[in-house]
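Chains as they are written, first to last, in our numbering: chain A, 11 to 208; chain B, 11 to 208.
Beneath this line is the structure, given in structure tokens, with notes to follow.
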DNA sequence: TCTTGACTAGACCGACCGGTCAACTATAAT
DNA sequence: ATTATAGTTGACCGGTCGGTCTAGTCAAGA
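Put into structure tokens, the structure is as follows:
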């Protein structure tokens, strides 16, 4: 049973790393199994399909993202706007670390999957949509706090939260396209300055 | 010879449409040949590889983009900032038209390829990077004009142009993820309000 | 008329794809 | 000791992948 949890988790983590570094379509089940040191039969014991595995991978990504990025940025004793700046800094550090290690700026795992699969697989599209909606919720709450403490004027908070998320995703995509995490360092902090008026 | 131009062009246009609607990896050479009414032998007479075809597809996309979107937005007798708003409107109309026709919001063709292939194929990454750099150049020129005519204060123009492009790409990705072109209508106009200070 | 070279047709290649299956082992409850 | 269950193994499936190759069509130039 413990071994089983381990096997499932190994598959999940191998898939997460491979799909993030390459893409959904470019990573086969066989490669995931090799990387996890598991045979195909075991793979299909734990996951009914590659799609189902990918849904679990998105969950895994989001859990880790909340732990490594969101929790630190949004729980700190920072002013609301500075939480966005902290988020920008953490995003930079994360991408920089990966780039130094593997030589590629990988961008946002959710954005990558969304761009590749949204038109191909409705389940995957909806899963990523849900992740984005949760992020937007955090942004809205933070903007609420910013307005409450006078750091931000009256604005269209839901729209601003959406715009901030879009901007962040766009920056991650540009960093990936230029294969340069410095794009994030230069431009991501401006996320905190985005305002959609009422 | 005329027939040859036609064959090459048919392959190119079939590939453009299929890759845009699905993705690079999800579209095989056979499917492109079927769609173009061409046999594999002909395909490989005109293109050495699927990758080379895709490079040509990106060029094809950009030519069409410049004709259908850029030319109209940036040549009109609009104020510089209104050119960005015109661009937003054209982007919306384009995505809306596609969505009404095929039921999916496809997002930005360049962003899609960048997200999927940047870490997998250096040639493709660089090609899309070049396209983005050209777009940025147009944005810079327009911001220059905006500053010159007093529509915009002194700002960091190169950074603002980058931020605008990132924002636009992010909005397109969100529209794709939500499968809803209205995201573009609601949020893309705010592109004109982005400022990176000196 | 003969030759050349661009173009087309379609069979074919090995590799890989996602997924299945029956047989096997290890564990733990009865 | 027996049985049920969870987990593992590796051979195997039909289909598709990108790409090759040979034979042949066809129009233009000599």
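Ideal placement from N, C-alpha and C gives every residue a C-beta, glycine not left out.
These figures come from a predicted structure and were not determined experimentally.
- Query: Using a Cβ-Cβ distance under 8 angstroms, would residue 128 (chain A) count as near chain B?
  - Reply: yes
- Item | Under 7 angstroms by beta carbon: chain B residues contacting residue 145 (chain A) | Correct list: empty, because the minimum Cβ distance to chain B is about 11 angstroms.
- Task: Determine the contact status of residue 34 (chain A) and residue 126 (chain A), defining contact as a CB-CB distance below 8 angstroms.
- Result: yes
- Item | Rounded C-alpha distance that separates residue 11 (chain A) from residue 19 (chain A) | Below a pLDDT of 50, predicted positions are generally treated as unreliable, and residue 11 (chain A), at 39, falls in that range; the measurement from the model is reported next regardless. Roughly 12 angstroms separates the two Cα atoms.
- Query: Measuring CA to CA, which of A:134, A:145, A:16, A:108 is closest to residue 173 (chain A)?
  - Reply: A:145
- Query: What is the residue span of the alpha helix (DSSP H) that residue 189 (chain B) lies within?
  - Reply: No alpha helix (DSSP H) contains residue 189 (chain B), which DSSP labels as neither H nor E.
- Message: Give me the residue from B:116, B:135, B:21, B:163 with the minimum Cα distance to residue 49 (chain B).
- Response: Checked all of B:116, B:135, B:21, B:163; the closest Cα to residue 49 (chain B) is B:21.
- CB contact below 8 angstroms: residue 11 (chain B) versus chain A: Here residue 11 (chain B) scores only 40 on pLDDT, less than 50, and its place in the model should not be relied on; the value that follows carries that caveat. It does not; no Cβ of chain A falls within 8 angstroms.
- Expressed to the nearest angstrom, what Euclidean distance is found between the alpha-carbon atoms of residue 101 (chain B) and residue 162 (chain B)? Distance between the alpha carbons of residue 101 (chain B) and residue 162 (chain B): 23 angstroms.
- Partner residues on chain A for residue 206 (chain B), Cβ-Cβ distance less than 8 angstroms: 197, 200
- Item | Residue nearest to residue 112 (chain B) in terms of C-alpha spacing, selected from B:200, B:27, B:207, B:17 | Among B:200, B:27, B:207, B:17, the Cα nearest to that of residue 112 (chain B) belongs to B:27.
- Using the rule of at least 16 other Cβ atoms within 10 Å of the residue's Cβ for burial, across every protein chain shown, is residue 132 (chain A) buried or exposed? exposed
- In the structure shown, what three-state DSSP assignment does residue 49 (chain A) receive? Residue 49 (chain A) falls in the coil class under three-state DSSP.
- Query: Residues in its own chain within less than 8 angstroms of residue 177 (chain B) by CB, not counting five upstream and five downstream?
  - Reply: 200, 201, 204
- Message: Considering just the uninterrupted stretch of the alpha helix (DSSP H) at residue 131 (chain A), what are its terminal residues?
- Response: Here residue 131 (chain A) belongs to no alpha helix (DSSP H), and DSSP marks it neither H nor E.
- Task: Please name the residue, chosen from A:189, A:58, A:179, A:171, that lies closest to residue 186 (chain B) on a Cα-to-Cα basis.
- Result: A:179
- Taking residue 31 (chain B) as the reference, which of B:17, B:122, B:135, B:78 has the closest Cα? B:122
- Item | Classification of residue 135 (chain B) by the beta-carbon crowding that lies within 10 angstroms, buried from 16 upward | buried
- Task: Please say whether residue 156 (chain B) and residue 90 (chain B) have beta carbons closer to each other than 8 angstroms?
- Result: yes
- Item | Under 8 angstroms by beta carbon: chain B residues contacting residue 183 (chain A) | 121, 124, 125, 176, 179, 180, 183
- Item | Cut-off 7 angstroms between Cβ atoms - residues of its own chain near residue 171 (chain B), not counting five sequence neighbours on either side | Within the same chain, residue 171 (chain B) has close Cβ partners 146, 149, 150, 153.
- Item | Residue environment, residue 118 (chain A), which counts as buried when at least 16 other CB atoms sit within 10 Å | It is buried - the Cβ of residue 118 (chain A) has at least 16 other Cβ atoms within 10 Å.
- Message: Against residue 187 (chain A), what residues of chain B qualify as contacts under a CB-to-CB distance less than 7 angstroms, listed in chain order?
- Response: Within 7 angstroms Cβ-Cβ: 124, 128, 135, 138, 139, 142.
- Within 8 angstroms (strictly less), CB to CB, does residue 117 (chain A) reach chain B? yes
- Query: Which parts of the segment 49-110 of chain A are runs of the beta strand (DSSP E), unbroken and 3 residues or longer, counting only runs that do not cross its ends?
  - Reply: Taking 3 residues as the shortest admissible run, the segment 49-110 of chain A contains no complete beta strand (DSSP E) segment at all.
- Query: Is any heavy atom of the ligand HEM found at a distance shorter than 7 angstroms from the C-beta of residue 155 (chain B)?
  - Reply: The model depicted lacks the ligand HEM and carries no ligand whatsoever.
- Item | Between the CA atoms of residue 16 (chain A) and residue 25 (chain B) - distance to the nearest angstrom | 43 angstroms
- Message: Given a cut-off of 8 angstroms on the beta-carbon distance, is the pair residue 108 (chain B) and residue 166 (chain B) in contact?
- Response: no
- Query: Taking the Cβ atom as the reference point for each residue, do residue 191 (chain B) and residue 105 (chain B) lie within a distance shorter than 8 angstroms?
  - Reply: yes
- Query: Can you name, in chain order, every residue of its own chain whose Cβ lies under 8 angstroms from the Cβ of residue 70 (chain B), other than the five neighbours on each side?
  - Reply: 22, 23, 26
- Task: Using 10 angstroms around the beta-carbon of residue 140 (chain B), count the other beta-carbons present and answer buried if the total reaches 16, otherwise exposed.
- Result: exposed
- Does residue 173 (chain A) get closer than 8 angstroms to chain B when you measure Cβ to Cβ? yes
- Query: Under 8 angstroms between C-beta atoms, does residue 31 (chain B) make it to chain A?
  - Reply: Answer yes: the Cβ-Cβ gap between residue 31 (chain B) and chain A drops below 8 angstroms somewhere.
- Message: Quick check on this structure: which residue in A:84, A:168, A:58 has the alpha carbon closest to the alpha carbon of residue 193 (chain B)?
- Response: A:168
- Task: Give me the Cα-Cα distance between residue 189 (chain A) and residue 65 (chain B), rounded to the nearest whole angstrom.
- Result: 18 angstroms
- Rounded to the nearest angstrom, how far is the Cβ of residue 183 (chain A) from that of residue 183 (chain B), given a contact under 8 angstroms? 7 angstroms
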